[in-house]
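Chemist: Straight run, no breaks: the sequence shown in the numbering used here ends on number 589.
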Amino acid sequence: MLRSSLALLLCGPLLSAAPTDITGQRETSKHPASPERVYLIIRSDDAGMSHSVNMALEKLIETGLPVSVSVMFPTPWYQETVEMLKRHPNVAVGIHLTLNSEWKNYRWGPVLGRTAVPSLVDADGYFFPSAEALHQNHPDLKEVEKELRAQIERARGSGLKIDYVDYHMGTAVRYPEFREIAERLAKEYGLGMSQYFGDLRHDSQYEAAPRDKTDSLVAMIDRLKPRFNLVITHVGIDDAELGALVDMNTSGPLPDMSKNRQGELDALMSPRFRDALKTRNIQLLTYRQLIVMQGLNSMRRPEG
Numbered sequence: 286m287l288r289s290s291l292a293l294l295l296c297g298p299l300l301s302a303a304p305t306d307i308t309g310q311r312e313t314s315k316h317p318a319s320p321e322r323v324y325l326i327i328r329s330d331d332a333g334m335s336h337s338v339n340m341a342l343e344k345l346i347e348t349g350l351p352v353s354v355s356v357m358f359p360t361p362w363y364q365e366t367v368e369m370l371k372r373h374p375n376v377a378v379g380i381h382l383t384l385n386s387e388w389k390n391y392r393w394g395p396v397l398g399r400t401a402v403p404s405l406v407d408a409d410g411y412f413f414p415s416a417e418a419l420h421q422n423h424p425d426l427k428e429v430e431k432e433l434r435a436q437i438e439r440a441r442g443s444g445l446k447i448d449y450v451d452y453h454m455g456t457a458v459r460y461p462e463f464r465e466i467a468e469r470l471a472k473e474y475g476l477g478m479s480q481y482f483g484d485l486r487h488d489s490q491y492e493a494a495p496r497d498k499t500d501s502l503v504a505m506i507d508r509l510k511p512r513f514n515l516v517i518t519h520v521g522i523d524d525a526e527l528g529a530l531v532d533m534n535t536s537g538p539l540p541d542m543s544k545n546r547q548g549e550l551d552a553l554m555s556p557r558f559r560d561a562l563k564t565r566n567i568q569l570l571t572y573r574q575l576i577v578m579q580g581l582n583s584m585r586r587p588e589g
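1. Where P326 and L570 are concerned, what is the direct C-alpha to C-alpha distance, given to the nearest angstrom?
2. Pop quiz: R557 and V503 are said to be a contact at Cβ under 8 Å. What is the actual Cβ separation, rounded to whole angstroms?
3. Would the beta-carbon of M578 fall within 9 Å of that of P317?
4. Y363 by DSSP, collapsed to three states: which one?
5. Tell me whether M286 sits in a helix, a strand or coil according to DSSP, three-state version.
6. I need the straight-line Cα distance from S363 to G455, nearest angstrom please.
7. Do V516 and H487 have their beta-carbon atoms positioned less than 9 Å apart in this structure?
8. Could you check if L345 is buried or exposed, using at least 16 other CB atoms within 10 Å of its CB as the buried criterion?
9. So which of A561, P461, N534 and N582 has the shortest CA-CA distance to G475?
10. For the structure I just gave you, are there three or more beta carbon pairs, one from the region 372-384 and one from the region 441-456, closer than 8 Å?
11. Let me make sure I understand the geometry here. Which of V531, Q568, R565 and L562 has the alpha-carbon closest to that of P414?
12. According to the Cβ coordinates, are A561 and I506 closer than 9 Å?
13. Could you tell me which residues DSSP pairs with S329 in its beta bridges?
14. Output needed for Y391: all residues of its chain with C-beta closer than 7 Å, excluding positions within five of it in sequence on either side, in chain order.
15. Buried or exposed: where does T518 fall if 16 or more other Cβ atoms within 10 Å of its Cβ makes it buried?
16. From the DSSP output, which residues share a beta bridge with D500?
17. Would you decide whether T366 is buried or exposed? Buried here means 16 or more other CB atoms lie within 10 Å of its CB.
18. R372: buried (16+ other C-beta within 10 angstroms of its C-beta) or exposed?
19. Suppose you measure from the CA of P359 to the CA of D523; what does that come to, to the nearest Å?
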């Protein structure tokens with residue numbers, strides 16, 4: 286009963302005999318997934334966060350790996366990301382819905398500005414550094430919806446084809462009242478939602494030491510089961526810009542943050558990773574391809 290209710294929330298009266306997407310338009314032809322096939326989506330988050338991250342993303346895209354790139358539209362470098370992605374129109378593009386700004390001395394705030402959504406910002410007018418800090422400020426849900434809508438509108442106005450939404454630090458779906466807003470907006474704008482297609486998220490590669498990331502990634506590939514699988518990555522270039530950032534959610538500097546992001550990039554670009562994919566005959570998908578394959582009406586809220 287609960288599962289049926291969640292399906293109704295996402296799809297509403299559009300679950301009809303004629304195949305339509307959640308915008309009311311006819312969907313492109315769907316190609317059912319093979320139950321014996323192992324599928325993998327590579328989602329790369331935090332695009333637009335910095336120039337170093339954008340440079341790393343372009344390196345990854347230029348390898349030819351099918352990737353889904355999640356863009357933070359309130360951040361200072363998002364316009365560079367937009368121009369870069371216009372050079373690679375086959376890349377699936379997502380909106381990394383953002384309600385937090387976690388780096389000391391490198392902050393960003395709402396697309397709408399601090400005065401339009403005052404309950405979403407701290408005393409300096411920036412997003413709070415964590416979901417918990419935001420929630421403790423008792424944000425006005427109308428302001429949450431206004432800001433997330435503004436981020437979607439900015440993305441749609443960028444000239445990019447937008448395929449899906451996901452959530453920086455998980456905040457936009459951390460609390461039930463936030464999740465309902467995100468789901469409602471995705472339905473309204475006809476966008477997919479990451480992890481709503483049965484795409485199972487696997488190990489965070491950040492947990493592995495930089496020198497061990499290729500081993501970690503290959504080991505994950507060896508464990509994948511036949512289904513839609515998701516790996517979320519955070520790539521970057523180990524340089525002075527990225528190396529200077531300090532996460533305010535830790536008691537001290539995030540250990541080797543820039544080296545970890547460089548390590549993830551190196552692992553994804555490594556011959557060992559490509560060989561592991563080939564050995565197991567794993568099919569890489571982007572969210573754009575997954576949506577065509579499954580249709581937006583297949584979305585279900587993840588369990589747990």
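We put the CB at the ideal spot given by N, CA and C, even for glycine.
Modeler: By the coordinates alone:
1. The residue labelled residue 326 in the question sits at position 41 within the sequence shown. The residue labelled residue 570 in the question sits at position 285 within the sequence shown. Contrary to the premise, residue 326 reads as Ile rather than Pro in this sequence. Looking at the two C-alpha atoms, the distance is approximately 5 Å.
2. The residue labelled residue 557 in the question sits at position 272 within the sequence shown. The residue labelled residue 503 in the question sits at position 218 within the sequence shown. Between V503 and R557 the Cβ distance is about 6 Å, and since that is below 8 Å, they are a contact.
3. If you number the sequence shown from 1, residue 578 lands on position 293. If you number the sequence shown from 1, residue 317 lands on position 32. Yes, Cβ-Cβ distance for M578 and P317 is below 9 Å.
4. Residue mapping note: residue 363 aligns to position 78 of the sequence shown, counting from 1. Looking at Y363 - three-state DSSP - the assignment turns out to be helix.
5. For the purposes of this step, residue 286 is taken as the residue at position 1 of the sequence shown. With a pLDDT of only 39 at M286, under the threshold of 50, the placement of this residue in the model should not be trusted; the figure read from the coordinates follows. It is coil, neither helix nor strand.
6. Along the sequence shown, one-based indexing puts residue 363 at 78. Along the sequence shown, one-based indexing puts residue 455 at 170. Per the sequence shown, the amino acid found at residue 363 is Tyr instead of Ser. C-alpha separation (whole angstroms): 19 Å.
7. For the purposes of this step, residue 487 is taken as residue 202 along the sequence shown, with counting starting at 1. For the purposes of this step, residue 516 is taken as residue 231 along the sequence shown, with counting starting at 1. It is a contact, given that the beta carbons lie within the stated cut-off.
8. As a working note, residue 345 is residue 60 in the sequence shown. It is buried - the Cβ of L345 has at least 16 other Cβ atoms within 10 Å.
9. Position 190 of the sequence shown, counting from 1, holds the residue named residue 475. Of A561, P461, N534 and N582, the residue nearest in Cα terms is N582.
10. yes
11. Reading the sequence shown from its first residue, position 129 is the one you call residue 414. When only C-alpha atoms are compared, the closest one is V531.
12. Along the sequence shown, read from residue 1 onward, the residue named residue 561 stands at position 276. Along the sequence shown, read from residue 1 onward, the residue named residue 506 stands at position 221. Yes, the Cβ-Cβ distance between A561 and I506 is below 9 Å.
13. The residue labelled residue 329 in the question sits at position 44 within the sequence shown. In the DSSP output, where bridge partners are listed per residue, S329 has V354 and T518.
14. Within the sequence shown, residue 391 is the residue found at index 106, counting from 1. Counting only Cβ-Cβ distances below 7 Å, and skipping sequence neighbours, we find L530.
15. For the purposes of this step, residue 518 is taken as the residue at position 233 of the sequence shown. Under this definition T518 is a buried residue.
16. Here residue 500 is taken as the residue at index 215 of the sequence shown, counted from 1. D500 is not bridged to any residue.
17. Position 81 of the sequence shown holds residue 366. Buried, because 16 or more other Cβ atoms sit within 10 Å of the Cβ of T366.
18. What you label residue 372 is simply residue 87 of the sequence shown in a count that begins at 1. With fewer than 16 Cβ atoms within 10 Å of its Cβ, R372 is classed as exposed.
19. Here residue 359 is taken as the residue at index 74 of the sequence shown, counted from 1. Here residue 523 is taken as the residue at index 238 of the sequence shown, counted from 1. The alpha-carbon atoms of P359 and D523 are separated by roughly 23 Å.
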